[in-house]
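To keep things clear, I will list the structure first and then write my remarks on it.
Below is the structure:
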């Protein structure tokens, strides 16, 4: 499939007062700031967990630079709730299934966060009042603030899907969570039991149709093109770093041609295909942080997806406080190496996690048959773009989603479009200035450094999404 010259998707934005704002989202094979060939030779995607800009980036410098961050929000009773500070680690988790999206979105009024379910850790006391309306205290996320202040921060980055982690990770790999290239359904939720083509029999993932109905399900093993196929066709390398083989955060396990299951699903017990064994790198006690090892050994692939272990994921309710230092350590490893001169690091979060955010996402409106209707787009997630060519101290107000990351990679490496989310998204070109003098890297200060993560002997865990 060749890259379309121009693709437009008619969308509407509903403001907090439910005013209808129309616009067209278009992508083109060329842009006003084209990405030149050769300047970017490596792309690293760091995919953290479950946060919104309003929750994670109460940074006065970023706000002064123009980032749209709210300090209060509406609830469904019409009351204004002041957002309050709390630690990065909290003893509760918020609902973020598709039903939670519908409740919080409330037809575009963005006043339903108080109706998002809350699950508190047993034995730690009562849930806080208005737990959905919180922001992370600055002392816990200082490395993130440094990155957002020095490089490009996007305040109109939306997760592509209206739901939790499993479909989000499918979108970041393939631009879709559809079971096949011809399907008009999307995987909408996290699977039961387990995920992927080696999941036990009985594992099911709920599908959503173009009208927003979750009325069917299937075994969570899909067959459609992914960005990895495009990379391999052009002899470009890729790696997918993840804490375990069978989780909902290890997107390649649900793609049959990557997994190469050892028996016909649902009877398989492991992925054994060459794509899997050569390119999917799992964390082990002997090598707890393989992306750092790969950088130090000059083995950085053309494109790397880097998924955190649970303790470094930013996920609430699991003592996941290592994320800011872990992300900073990876950025520092690249920034202080020869890779800095030709690498783009894209840091984003897989879903909103149930936290309040005040910006209504664009929604597809049509007869219910076109791409994305019924499940696109989800709430805002933070975006930081780090590169010697990233615009410094810049706030991107352009609408981006996970498809933008895929489009950027396709444009950078001259790949054809997959024809999914990438075809309807921009290419992140507003985040870069390839004519500027390349930025000199400045090490990001963080409580923990590379030695800490390379010698972390705790068993790698998956981010918990219960």
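Residue numbers (my numbering): 8 to 473.
Note that the Cβ used here is the ideal one computed from N, Cα and C, for glycine as well.
Keep in mind it's a predicted model, so treat the numbers as computed, not measured.
Judging by CA-CA distance, which residue of the options is the nearest neighbour of residue i?
i, options, result
"residue 406", "135, 420, 431", "431"
"residue 371", "140, 198, 380", "380"
"residue 76", "83, 84, 67", "67"
"residue 158", "395, 428, 433", "395"
"residue 228", "359, 207, 244, 417", "207"
"residue 306", "448, 272, 202, 285", "285"
"residue 98", "113, 64, 116, 135", "135"
"residue 122", "219, 268, 303, 112", "112"
"residue 367", "337, 281, 84, 120", "120"
"residue 133", "115, 145, 100, 107", "100"
"residue 455", "351, 422, 329", "329"
"residue 225", "193, 243, 235", "193"
"residue 83", "466, 274, 115", "115"
"residue 348", "331, 393, 369, 320", "393"
"residue 92", "85, 62, 108", "62"
"residue 400", "418, 411, 378, 438", "438"
"residue 280", "292, 295, 261", "261"
"residue 199", "219, 398, 255", "255"
"residue 359", "73, 304, 295, 165", "165"
"residue 265", "74, 283, 248, 273", "283"
"residue 344", "365, 353, 327, 303", "303"
"residue 2", "378, 369, 446", "Here the chain has residues from 8 to 473 only, and residue 2 is not among them."
If you check the beta carbons only, do residue i and residue j fall under 7 Å apart?
i, j, result
"residue 356", "residue 389", "yes"
"residue 240", "residue 181", "no"
"residue 104", "residue 170", "yes"
"residue 205", "residue 126", "no"
"residue 469", "residue 251", "yes"
"residue 201", "residue 130", "no"
"residue 342", "residue 448", "yes"
"residue 59", "residue 465", "no"
"residue 235", "residue 245", "yes"
"residue 148", "residue 323", "no"
"residue 410", "residue 397", "no"
"residue 335", "residue 145", "no"
"residue 243", "residue 420", "yes"
"residue 259", "residue 247", "yes"
"residue 42", "residue 418", "yes"
"residue 167", "residue 384", "yes"
"residue 74", "residue 162", "yes"
By the DSSP assignment, the alpha helix (DSSP H) with residue i in it spans what residues?
i, result
"residue 169", "First-last for residue 169: undefined, no H or E at that position."
"residue 153", "149–157"
"residue 338", "330–342"
"residue 89", "Premise fails: residue 89 lies in the beta strand (DSSP E), 87–89, not in any alpha helix (DSSP H)."
"residue 264", "263–266"
"residue 64", "No alpha helix (DSSP H) holds residue 64; DSSP gives it neither H nor E."
"residue 412", "409–420"
"residue 319", "Where residue 319 is concerned, there is no enclosing alpha helix (DSSP H), given that its DSSP letter is neither H nor E."
"residue 441", "No alpha helix (DSSP H) contains residue 441, which DSSP labels as neither H nor E."
"residue 460", "457–461"
Residues in its own chain within less than 8 Å of residue i by CB, not counting five upstream and five downstream?
i, result
"residue 196", "104, 105, 170, 171, 173, 174, 212, 213, 221"
"residue 69", "76, 152, 155, 156, 160, 402"
"residue 143", "58, 62, 63, 65, 92, 93, 94, 95"
"residue 55", "315, 320, 321, 330, 334, 354, 355, 356, 357"
Under 7 Å, Cβ to Cβ, is there at least one residue of chain C near residue i?
i, result
"residue 323", "The chain inventory of the structure shown lacks chain C, comprising one protein chain alone."
Considering only residues of the same chain and omitting the five flanking positions on each side of residue i, which have a CB-CB separation below 6 Å?
i, result
"residue 425", "182, 232"
"residue 140", "80, 88, 90, 363"
"residue 467", "250, 290, 316"
"residue 351", "47, 50, 394"
"residue 237", "422"
"residue 187", "230, 231"
"residue 138", "99, 125"
"residue 273", "208, 226"
Output needed for residue i: all residues of its chain with C-beta closer than 7 Å, excluding positions within five of it in sequence on either side, in chain order.
i, result
"residue 339", "450, 451"
"residue 34", "For residue 34, the pLDDT reaches just 38, beneath the cut-off of 50, and the residue's location in the model is therefore unreliable, leaving the point undetermined."
"residue 38", "Only weak support is given to the placement of residue 38: the predicted model assigns it a pLDDT of 40, under 50, and the question is left unresolved by the model."
"residue 185", "192, 193, 231"
"residue 333", "315, 319, 460"
"residue 365", "23, 61, 77, 80, 117"
"residue 71", "none"
What span of residues does the beta strand (DSSP E) with residue i cover, start to end?
i, result
"residue 141", "141–143"
"residue 225", "223–225"
"residue 354", "350–356"
Would you call the segment 304–312 and the segment 51–68 touching, i.e. three or more CB-CB distances under 8 Å?
yes
Pair every Cβ in the segment 294–305 with every Cβ in the segment 450–465, then say whether three or more of these pairs are closer than 8 Å.
yes
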